[in-house]
Amino acid sequence: VWDKGRTLAGIRKGHQEFWQKCDAWLEGHSDRQALESWSEEHTDLPLANLILETRGVDNAPAIRRASERVSYLEIENLERYLILLSTAVTISPFLGLLGTVWGIMSSFYDMSAMQSANLTVVAPGIAEALTTTIAGLATAIPAVIFYNMLVRKIDLVGNELDRLRTILEEGAGGGSGAVGPAGRDLARRPDVHRKGSL
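Shown next, in the form of structure tokens:
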């Protein structure tokens with residue numbers, strides 16, 4: 032969780048800088064070559080890899096294919112090992128339930144062996160049952176919180192990739208990487224890369 036969170040935090044920071052460079056290109060203060068040069072130095076960023084993958088591609092269908100390929104690989108990489116956290120979320124309550132059943136069974140066995148339903152006979156098994164239940168919940172609750180948080184952040188990276196793809200498709204056929212008004216407007220939207228980013 033810590034490693035994945037640190038990776039996504041680095042992507043967030045890098046993408047903020049990427050969009051600043053992209054804004055400069057879209058507004059005519061820079062060119063795509065400058066953005067590509069910057070991207071070559073930041074290949075750990077999904078958006079930078081998308082720019083590099085579509086370098087020299089000047090038609091919308093090819094841009095879409097390249098973008099889908101990059102998006103798939105980048106998201107797959109970010110989701111790596113999340114299955115472990117998902118598994119912890121899924122099985123922890125069941126392990127707690129198993130412990131609960133085991134503790135209760137132990138109490139019944141003790142009652143049968145001692146021929147008594149005295150609290151001193153029942154209490155140890157019940158305590159064991161409650162302890163395993165607490166352990167299962169204590170594992171599952173934080174795990175599901177972190178899992179949902181990480182999935183949300185990864186989804187936002189996917190949204191950014193989709194928006195950049197739309198910008199590039201809108202500018203396809205524009206010669207030297209020119210992007211029209213629709214692409215510029217999309218890039219300026221706050222939910223693209225500022226407040227809504229990760």
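Take 32 as the starting number for the sequence shown in this note's numbering and just add one per residue.
Even glycine gets a Cβ: it sits at the ideal position worked out from N, Cα and C.
Could you give the residue range of the alpha helix (DSSP H) that holds residue i?
i	result
R196	L150 to E201
E72	Premise fails: E72 is in no alpha helix (DSSP H) and is neither H nor E.
Q146	Q146 -> no alpha helix (DSSP H), and no H or E assigned at all.
R86	Run containing R86: none; DSSP gives neither H nor E here.
D62	Careful: D62 lies outside any alpha helix (DSSP H) and carries neither H nor E.
Helix, strand or coil for residue i? Go by DSSP, reduced to three states.
i	result
R111	coil
L76	coil
S207	Residue placement at S207 cannot be trusted, given a pLDDT of 45 that sits under 50; the coordinates are not used to answer.
V32	coil
Among the residues of its own chain, which have a CB less than 6 Å from the CB of residue i, if the five just before and after it don't count?
i	result
V153	S138
S102	L192
G134	G156, E159 and A160
L109	I185
S123	G167, T170 and A171
Buried or exposed, going by whether 16 or more other CB atoms sit within 10 Å of the CB of residue i?
i	result
L115	exposed
K44	exposed
S147	exposed
T118	exposed
G276	Because the chain spans 32 through 229 in this model, residue 276 falls outside it and cannot be assessed.
T85	buried
V188	buried
T74	exposed
A169	exposed
E107	exposed
F49	buried
L195	buried
So, at 7 Å on beta carbons, what are the nonlocal neighbours of residue i in its own chain, with the 5 sequence-adjacent residues on each side left out?
i	result
L66	K52, C53, W56 and I82
L150	none
T131	A160, T163 and T164
L126	G167
Apart from the five residues on each side of it in sequence, which residues of its chain come closer than 8 Å, Cβ to Cβ, to residue i?
i	result
L145	The question names Leu, but residue 145 is Met in the sequence shown. These residues qualify, in order along the chain: V152.
S61	K52 and A55
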